[in-house]
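K.L.:
In the working numbering, the protein residues as written are 162 to 442.
Dropping the structure in here first, questions after.
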Ligand code: SAM
């Protein structure tokens, strides 16, 4: 089943959390000269136009990136994040929001490589168009990312940042993530893995986190951003989280400093909050 289209959600609160964390991880990884691979198992279309088509239908960006875009008193890391989004909108209007592949392409160095997997035929086509003629270091495959990653780990340079960002429309995705991480760590224990998940009133997200912990991870960070109280009818996403394996040691401090402002700007009611937990060795 491939009904999910990320364009409907482009630039929403969950994208902001995910891409802010991704930016911090890539910026840290860039500090060491040795090349690395950026691997995106569920890449999406790469770039989204906000004022037309799917993204404009529910305008989720209006309560996601927009409040940051129009805020004049952001802390430095959030200001850097907005500057990154501004670089895709040179005329100063918030028209385009980059997906994880374009954010990564903007941040990696000429010596690094990007490997993208996207299964949806239309989104893969758009992704290919977005990267057309741009960069020979990017390889895009219309393939199941959970299967595709097996063939490319470990990367030749033994350094990689991996984003695992499935739609979770099928509840098997939660188990697929755990299996993917288990097998990936067996092949390549020192990679940095970022897993995004939705906060929902159902047990699967929490079970997934519990199963990840059972893998006896030495170094991990778990951050979540709830933007509102869970709905009375039990439906809908009330926030999202990122679980990072082998995170940069600097990540917790940046999040401790930035998440209160994200709660303030993106929160919809008095139950908006963040949670941060980590063990970094
Ligand atoms: N990572 C993107 C970003 O941050 O901009 C968003 C990705 S979106 C949440 C999930 C994407 O995974 C969708 O575009 C969907 O078509 C794609 N997808 C679903 N199942 C997949 C699979 N097994 N392998 C690769 N892509 C898949």
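From the three backbone atoms N, C-alpha and C, an ideal C-beta is built for every residue, glycine too.
Say yes only if the C-beta of residue 268 is nearer than 7 Å to one or more non-hydrogen atoms of the ligand SAM, and no if none qualify.
P.N.:
no
K.L.:
How about residue 328: is its Cβ closer than 7 Å to a heavy atom in the ligand SAM?
P.N.:
Distances between the C-beta of residue 328 and the heavy atoms of the ligand SAM include at least one below 7 Å.
K.L.:
Could you check whether residue 354 and residue 116 sit closer than 8 Å to each other, using their CB atoms as the reference points?
P.N.:
There is no way to answer for residue 116, as the model of the chain reaches only from 162 to 442.
K.L.:
Using beta-carbon positions only, say whether residue 253 and residue 209 come within less than 8 Å of one another.
P.N.:
no
K.L.:
For residue 220, I'd like the list of residues in its chain whose CB is within less than 7 Å of its CB, leaving aside the five on either flank, ordered along the chain.
P.N.:
none
K.L.:
Do you know offhand how far residue 463's Cα is from residue 331's?
P.N.:
Limits of the chain in this structure are 162 at one end and 442 at the other, which puts residue 463 out of reach.
K.L.:
At which residues does the alpha helix (DSSP H) containing residue 337 begin and terminate?
P.N.:
333-348
K.L.:
Starting from residue 353, follow its DSSP beta bridges and name the residues at the other end.
P.N.:
322
K.L.:
Going straight from the alpha carbon of residue 404 to that of residue 301, what length do you get?
P.N.:
25 Å
K.L.:
Using only alpha-carbon positions, find the residue among 398, 350, 392 that is nearest to residue 361.
P.N.:
398
K.L.:
Residue 249 by DSSP, collapsed to three states: which one?
P.N.:
Residue 249: coil per DSSP, three-state reduction.
K.L.:
Between residue 292 and the ligand SAM, is there a pair consisting of the residue's CB and a ligand heavy atom that are separated by less than 7 Å?
P.N.:
Checking the Cβ of residue 292 against the ligand SAM gives no.
K.L.:
Is residue 190 buried or exposed, if buried means 16 or more other CB atoms sit within 10 Å of its CB?
P.N.:
buried
K.L.:
Residue 230 lies in the alpha helix (DSSP H); which residues open and close that run?
P.N.:
Residues 226-230.
K.L.:
Taking the alpha-carbon of residue 273 as reference, which of 298, 256, 432, 292 has the nearest alpha-carbon?
P.N.:
Checked all of 298, 256, 432, 292; the closest Cα to residue 273 is 298.
K.L.:
Suppose you measure from the CA of residue 351 to the CA of residue 380; what does that come to, to the nearest Å?
P.N.:
10 Å
K.L.:
Name the DSSP beta bridge partners of residue 199, please?
P.N.:
275, 322
K.L.:
Do you know how far the Cα of residue 184 is from the Cα of residue 326?
P.N.:
15 Å
K.L.:
Between the Cα of residue 382 and the Cα atoms of 416, 369, 216, which residue gives the shortest distance?
P.N.:
416
K.L.:
Please identify the residue among 384, 328, 199, 408 whose C-alpha is closest to the C-alpha of residue 317.
P.N.:
199
K.L.:
Closer than 7 Å to a non-hydrogen atom of the ligand SAM - does that hold for the CB of residue 443?
P.N.:
Because the chain spans 162 through 442 in this model, residue 443 falls outside it and cannot be assessed.
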